[in-house]
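So in our numbering, the last one in the sequence shown is 251, and the numbering has no gaps at all.
One structure is given below, encoded as structure tokens.
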Amino acid sequence: SFYSNFVALVAVLGIFSPAFADITLDYSNPQKASENMTLTVVNDKAAVQFKDEVGGNTRMVFNKADNKLYMVMDDRKQYMDMDAMMKTMGDLSGMLSGMMKDLPADAQGQLGDLLGGLMGGNKEEPAPAPDPVLKETGETEEIAGFQCALATLQSQDQTTELCLAQPSKVGISDADFAVMQAMLLKQKEAVEKASDMIGMQDIGFNPGDIDRMPLRISQISGAGAGSVSELRAVREQADTSAVVIPDDYAPMQMPGIQ
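Right, dumping it as structure tokens:
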């Protein structure tokens, strides 16, 4: 999916230094022109916008100043604070764990199977995943007018083919990458919490694994296998509304926890 490719995109961005220069990166799926992803950085804010063939329009908005990540649904005029969502899920997990203790042993087992990883502590801790391994092929390609080096990133359950370029060669400022880096750390934190509570797979990357810009991300195996995101254009300007949540948007509430 485009979202899984976004996870790979931000995960392979390294840490750079100063001078903001607002920028927009447009990605598309060469196999499905209707699938588009736009990454925008404005000062210390960033946003990733996803559009698909069925008209879906969702943004992830990050504010580096307060380290907050939001999911914004423009068609519904709603947004979700990811920290609040994770807290709600944690509260729900704790509540269910308490309920489980009052059930007979056989009922605990059946309910635990139905709920999967939501019970968190009732499941055995999985073994730590091995560090992902990057292998370069020695081949190069040209994408959107930029030269990039082909490489394969192998993690425990996923193989990703990348085409990597030096950020300076793509015209992207150091500070914008620092914002992307912070966005990755926040997203990774949320995914790790979700992996503990509901069995969601950790993205498996660490910041700084790769110090170049991915111009193409192809999922070869694992989650999202077959999906491709390829850079279409780099624009040295940004739509500031992409990183803003309008005042008339309402926070989305998760049911079940007050």
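The C-beta atom is built at its ideal place from N, Cα and C for all residues, glycine as well.
**Request:** Could you name the residues of the same chain whose beta carbon sits closer than 6 Å to that of V35, not counting the 5 residues immediately before and after it, in chain order?
**Result:** Listed in chain order, the non-local C-beta contacts of V35 below 6 Å within the same chain comprise D15, A231, T233 and V236, local neighbours out to five positions each way being set aside.
**Message:** Could you tell me the alpha carbon to alpha carbon distance between N29 and Y63, rounded to whole angstroms?
**Reply:** 20 Å
**Asked** Quick one: is D241 buried, meaning 16 or more other Cβ sit within 10 Å of its Cβ, or exposed?
**Response** Burial call: exposed.
**Message:** What would DSSP say about A175, mapped onto helix, strand or coil?
**Reply:** helix
**Request:** Under 8 Å by Cβ, that's how I've got I256 and R209 pegged, so tell me the actual separation to the nearest angstrom.
**Result:** Look at the range of the chain in this structure, -6 to 251, and you will see that residue 256 is not part of it.
**Asked** Relative to the alpha-carbon of S148, which residue among I213, A243 and E134 has its alpha-carbon at the smallest distance?
**Response** I213
**Request:** Can you give me the start and stop residues for the alpha helix (DSSP H) that S161 sits inside?
**Result:** P160 to V163
**Asked** Helix, strand or coil: which one does DSSP assign to E229?
**Response** Note: E229 maps to coil in three-state DSSP.
**Item:** C-alpha distance - K61 paired with P239, whole-angstrom precision
**Value:** So the alpha carbons of these two residues sit roughly 16 Å apart.
**Prompt:** Shortest alpha-carbon distance to Q159 belongs to which of E182, Q140, V172 and A171?
**Reply:** Q140
**Prompt:** By Cβ distance below 6 Å, which residues in the same chain neighbour M263 in space, the five residues on each side in sequence not counted?
**Reply:** Because the chain is modelled from -6 through 251, residue 263 falls outside the range shown and cannot be assessed.
**Asked** Helix, strand or coil: how does DSSP classify D76 here?
**Response** helix
**Message:** Using 8 Å for Cβ pairs, my map puts D22 next to V221. What's the rounded Cβ distance?
**Reply:** Reading off the sequence shown, one finds Asn at residue 22, where the question assumed Asp. Contact holds; Cβ gap of about 5 Å.
**Prompt:** By Cβ distance, which residues of its chain are closer than 7 Å to A144, with the 5 residues on each side in sequence left out?
**Reply:** L127, K128, E129, T130, L155 and L157
**Asked** Going by Cα to Cα distance, which pick from V172, G219, Q174 and D37 is closest to T153?
**Response** G219
**Prompt:** Taking the alpha-carbon positions, what's the A243 to D169 distance?
**Reply:** 29 Å
**Item:** Three-way DSSP call (helix, strand, coil) for D19 in this model
**Value:** strand
**DSSP three-state assignment for A253, whether helix, strand or coil** = The question about residue 253 has no answer, for the chain in this structure spans -6 to 251.
**Message:** Tell me the residue span of the beta strand (DSSP E) that contains I213.
**Reply:** M206 to S214 is the extent of the beta strand (DSSP E) around I213.
**Prompt:** Where do the N-terminal and C-terminal ends of the beta strand (DSSP E) with K70 fall, by residue?
**Reply:** Run containing K70: none; DSSP gives neither H nor E here.
**Message:** Based on DSSP bridge pairs, tell me the residues matched to M64.
**Reply:** DSSP output for M64 lists M53 and M73 as bridge partner(s).
**Item:** Coarse secondary structure for P125, derived from DSSP in three states
**Value:** coil
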